[in-house]
Amino acid sequence: AKSLIEQGKQSLHASINTFEKPVLDWKTANYHIRIDDLGDRNYRYAVWSSDKRPKDKPDMVLSNGDVTVSGTGGNHHYTFKNGRYSYILHVTIIGCDTSPPGWLEVYKDDEKLLSEDVISTH
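Residue numbers for the sequence shown follow the working numbering, beginning at 2 and rising by one.
Set out below in structure tokens:
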């Protein structure tokens, strides 16, 4: 497994190729999103517009994300903050047949600016 992680690191932009383990690698209609564990549950969020590759510099990188588990079914979400903006990635473990694997929400203060379902996972 270690060599797969090393291979994965080489496919990323140099600014984000240091991490302990990958957590999520998702695509929505407009974004490619990656979450990595930098160690000690310090999560990092990197995002590219969907027309870019992971080897390109990310459009934004945020650190110090929190994970919140909802109930006992495994569903959880990661929250990253940037000033007044919050980026939340919801992970669906238990859902129905039509549930997406997750979705991205972006808020400014308490106003939801964006919600996009995940359309592919790696």
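Just so you know, even glycine gets a beta-carbon here, dropped at the ideal spot from N, CA and C. No experiment lies behind these values; they were computed from the predicted model shown.
- When beta bridges are read from the DSSP output, residue 22 appears opposite 38.
- The C-beta distance from residue 90 to residue 114 rounds to 15 Å, too long to meet the 8 Å contact threshold.
- Collapsing the DSSP output to three states places residue 100 in coil.
- Straight-line spacing of the CA atoms in residue 7 and residue 32 works out to 24 Å.
- Closest in C-alpha terms to residue 41, from the list 59, 123, 20, comes 20.
- Only residues of its own chain outside the window of five on either side were considered, and among them 33, 59, 60 have a CB closer than 6 Å to the CB of residue 49, listed in chain order.
- Membership of residue 47 in the beta strand (DSSP E) is indicated by the continuous run 44-50.
- Membership of residue 71 in any beta strand (DSSP E) is not indicated, and neither H nor E is assigned to it by DSSP.
- Annotation: the continuous beta strand (DSSP E) that includes residue 115 extends over 112-118.
- Residue pairing from DSSP places residue 89 in a beta bridge opposite 80, 106.
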